[in-house]
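Number 293 in UniProt numbering belongs to position 293 of the sequence shown; there are no gaps in the numbering.
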Amino acid sequence: MLSTLIEVTDTNMMKSIFPRIRDWMSSVPGILILLLIVFVWRRPVEWHHPYVWVEEGTITLPAYLEQGWHSLWAPVAGYLVLPAKLIFLTSISLSASHYPAIAYALTLIFEIGTIALIAYSPTHLRFPKLAAVAVALIPTQPEVFAVSEYAFWWGALWSFVVVFWRVDERPRTIWRCVLTVVGGLSSPMAVPAAALLGYRAFKQPQRGDKEVFAVAALVAVIQCISVVTATVPMGFGKRYFDAVQIVVRFFGHYVISTERPPIALLCVIGLAILGVIFGFAIGRQKWHDKYFVMLLGALCAAIIASISRVAIDQLHPVLGGPRYFFYPYIFLTWLLLYIYGEAGSRVRAFIGVVFVCAFVQFLMHGRQEYDTFRWRAELGRCINAGSDIYQLPIQFAGPKTIAWHVALKGTQCQQLVDRSIFK
Numbered sequence: 001m002l003s004t005l006i007e008v009t010d011t012n013m014m015k016s017i018f019p020r021i022r023d024w025m026s027s028v029p030g031i032l033i034l035l036l037i038v039f040v041w042r043r044p045v046e047w048h049h050p051y052v053w054v055e056e057g058t059i060t061l062p063a064y065l066e067q068g069w070h071s072l073w074a075p076v077a078g079y080l081v082l083p084a085k086l087i088f089l090t091s092i093s094l095s096a097s098h099y100p101a102i103a104y105a106l107t108l109i110f111e112i113g114t115i116a117l118i119a120y121s122p123t124h125l126r127f128p129k130l131a132a133v134a135v136a137l138i139p140t141q142p143e144v145f146a147v148s149e150y151a152f153w154w155g156a157l158w159s160f161v162v163v164f165w166r167v168d169e170r171p172r173t174i175w176r177c178v179l180t181v182v183g184g185l186s187s188p189m190a191v192p193a194a195a196l197l198g199y200r201a202f203k204q205p206q207r208g209d210k211e212v213f214a215v216a217a218l219v220a221v222i223q224c225i226s227v228v229t230a231t232v233p234m235g236f237g238k239r240y241f242d243a244v245q246i247v248v249r250f251f252g253h254y255v256i257s258t259e260r261p262p263i264a265l266l267c268v269i270g271l272a273i274l275g276v277i278f279g280f281a282i283g284r285q286k287w288h289d290k291y292f293v294m295l296l297g298a299l300c301a302a303i304i305a306s307i308s309r310v311a312i313d314q315l316h317p318v319l320g321g322p323r324y325f326f327y328p329y330i331f332l333t334w335l336l337l338y339i340y341g342e343a344g345s346r347v348r349a350f351i352g353v354v355f356v357c358a359f360v361q362f363l364m365h366g367r368q369e370y371d372t373f374r375w376r377a378e379l380g381r382c383i384n385a386g387s388d389i390y391q392l393p394i395q396f397a398g399p400k401t402i403a404w405h406v407a408l409k410g411t412q413c414q415q416l417v418d419r420s421i422f423k
């Protein structure tokens with residue numbers, strides 16, 4: 001009798017606890033806490049030793065010394081990167097001594113806020129909360145996560161929230177234009193975003209669509225002018241189109257991203273994923289579904305953008321240029337979720353297996369530990385150099401042995417401190 005009572009009590013408790021856990025995890029606080037844990041897990045070193053990375057140290061920092069806040073509009077690698085510049089300028093202006101820590105906090109707010117924007121905006125994405133959280137779980141090395149210089153990769157997603165926006169009784173045209181401007185001034189992805197918004201504006205347009213497209217087109221032109229007039233080389237290696245490599249790297253590696261998996265296996269996996277996508281499109285005549293077409297277009301544009309920037313044989317989601325898989329893997333995930341919402345049981349089972357494998361790759365390769373630098377110590381050494389040159393180390397990929405350096409006089413480092421509000 002007692003054992004039966006205990007079993008019934010335990011069962012009732014489990015029935016009451018699990019829904020509460022599920023509801024809390026899908027609530028705003030639950031999602032935000034989960035994302036914070038994921039971001040800290042992916043880049044734990046930035047949590048306790050934040051530092052200045054790549055072009056933020058070699059381009060943005062010297063530009064700030066020369067131009068101050070006017071450097072907001074100075075291109076980096078040939079294009080405008082508004083979110084990264086705003087985070088840097090705000091942080092360095094508040095306190096040069098604590099700038100990496102402030103930048104890290106602002107970057108977390110911006111990137112987690114971007115995921116929240118995807119989750120809670122009215123869009124035509126299927127399973128929007130899952131689609132949003134999946135951005136934090138993409139199966140790549142965490143290059144673009146929690147580093148202020150790479151915040152512009154996240155800002156560009158704002159434009160794609162607008163691309164898939166669901167217009168209800170309130171079109172929110174002004175808000176969509178704001179998102180489009182921020183997203184468009186983040187990276188050259190403004191161009192495909194504008195093209196997709198143009199398709200949307202003239203394919204069964206809804207209220208505000210044409211106005212938003214006009215803004216997107218203007219911003220895309222601004223980015224194009226910045227790229228065309230750039231004096232820096234736009235890309236690395238000999239770029240070329242290779243269908244097999246595209247299947248392997250952008251579809252096969254989504255499931256298996258270990259160092260030397262069999263190419264034949266990756267081809268089979270990649271072709272299977274493509275078969276599901278195009279089989280679904282043909283079977284359901286999805287070329288009439290403009291949101292499916294735009295998702296497919298976003299995926300194709302992201303892949304083209306990546307292989308036009310870097311030679312495809314140098315790309316790998318873990319070992320070589322993982323940032324170039326950021327958009328392709330996000331749009332592939334959203335596309336598979338879109339298909340999952342309508343597909344039959346067999347296709348759903350296949351997509352479920354793909355997602356499980358991708359999550360395993362995230363657990364295996366999504367975290368990075370590396371050597372630490374101490375910003376305040378390095379800044380102090382630079383100041384102590386006086387009128388001499390100090391080679392300030394800049395994080396590049398983790399190991400100190402391959403760190404970049406920027407040559408600054410001690411007086412310039414002192415100038416950083418003098419300009420800041422809090423010393």
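All C-beta atoms in this analysis are idealised placements derived from N, C-alpha and C, irrespective of residue type, glycine included.
Item                                                                                                                                                            : Value
Looking at the structure shown, is Gln395 part of a helix, part of a strand, or coil, going by DSSP?                                                            : strand
Per the DSSP calculation, residue 426 is bridged to which residue(s)?                                                                                           : With the chain represented from 1 up to 423, any question about residue 426 goes unanswered, as that position is not in the structure.
Where does Ile138 sit, in a helix, a strand or coil, going by DSSP?                                                                                             : coil
Work out the CA separation of Val406 and Gly57 for me, nearest whole Å.                                                                                         : 7 angstroms
When you compare the CB positions of Leu32 and Ile112, do they come within less than 8 angstroms of one another, or not?                                        : yes
Which ranges would you report for the alpha helix (DSSP H) in the stretch 208–288 if only whole runs of at least 4 residues count?                              : 209–228, 243–247, 263–283
Restricting to Cα atoms, I'd like to know which of Phe202, Ser95, Val221, Leu80 is closest to residue 424.                                                      : No statement about residue 424 is possible, as the shown extent of the chain runs from 1 to 423 and does not include it.
As a quick exercise: from Ile330, Val310, Ala74, pick the residue whose alpha carbon is nearest that of Gly321.                                                 : Val310
Give the range of the beta strand (DSSP E) segment to which Val406 is assigned.                                                                                 : 404–409
So Ile304 is in the alpha helix (DSSP H); what residue range does that whole segment cover?                                                                     : 290–309
Per DSSP, which residues does Thr123 bridge with? Please list them.                                                                                             : Trp165
Name the residue from Arg367, Gln206, Ala136, Pro122 whose alpha carbon lies nearest to the alpha carbon of Arg166.                                             : Pro122
Around the C-beta of Asp388, are 16 or more other C-beta atoms found within 10 angstroms, so that it is buried, or is it exposed?                               : exposed
When the Cα atoms are used, what is the spatial distance from Leu185 to Val191?                                                                                 : 10 angstroms
Going along the chain, which unbroken runs of the alpha helix (DSSP H) with 4 or more residues stay wholly within the stretch 353–393?                          : 375–384
Going by DSSP in three states, Tyr51 sits in which element: helix, strand or coil?                                                                              : coil
State the beta-bridge partners of Tyr79 as determined by DSSP.                                                                                                  : Val76
Report the three-state DSSP secondary structure of Gly341 (helix, strand or coil).                                                                              : coil
Give the secondary structure of His70 by DSSP, where H, G and I count as helix, E and B as strand, and everything else as coil.                                 : helix
Report the CB separation of Gln204 from Lys290 in whole angstroms; it is logged as a contact under 8 angstroms.                                                 : 6 angstroms
Return the CA-CA distance between Ala230 and Asp242, expressed in angstroms with no decimal places.                                                             : 27 angstroms
CA-CA distance, Leu296 and Ala302?                                                                                                                              : 10 angstroms
By the three-class DSSP mapping on this structure, what secondary structure does Ser420 have?                                                                   : coil
CB-CB under 6 angstroms to Ala132, same chain, minus the five flanking residues each way: which ones, in chain order?                                           : Ile115, Ile118, Ala119
For Tyr199, report the span of its alpha helix (DSSP H) as first-last.                                                                                          : 190–202
Applying the criterion that 16 or more other CB atoms from any shown protein chain within 10 Å of the CB defines a buried residue, is Gln223 buried or exposed? : buried
Counting C-beta neighbours from all protein chains within 10 Å, is the total for Arg323 16 or more, i.e. buried, or is it exposed?                              : buried
Taking just the CA atoms, how far does Leu82 sit from Leu89?                                                                                                    : 10 angstroms
Just tell me which of Ser27, Val163, Leu86 has its CA closest to the CA of Phe331.                                                                              : Val163
Applying the 10 Å Cβ sphere with the 16-neighbour rule, what's the burial state of Glu143?                                                                      : buried
Apart from the five residues just before and just after Ile102, which ones in its own chain have a Cβ nearer than 8 angstroms to its Cβ?                        : Thr90, Ser91, Leu94, Ser95
Is it buried or exposed for Arg176, if we count other Cβ within 10 angstroms and need 16 for buried?                                                            : buried
Excluding sequence positions up to five away, which residues of its chain have a Cβ less than 6 angstroms from the Cβ of Leu5?                                  : With a pLDDT of only 42 at Leu5, under 50, the local geometry of the prediction cannot be trusted, and no value is derived from it.
Return the CA-CA distance between Val45 and Ala281, expressed in angstroms with no decimal places.                                                              : 44 angstroms
From residue 424 to Val54, what does the alpha carbon distance come to, in whole angstroms?                                                                     : An answer regarding residue 424 cannot be provided, because it is not within the stretch 1 to 423 covered by the chain.
Specify, as a first and last residue, the run of the alpha helix (DSSP H) that Thr173 falls within.                                                             : 173–184
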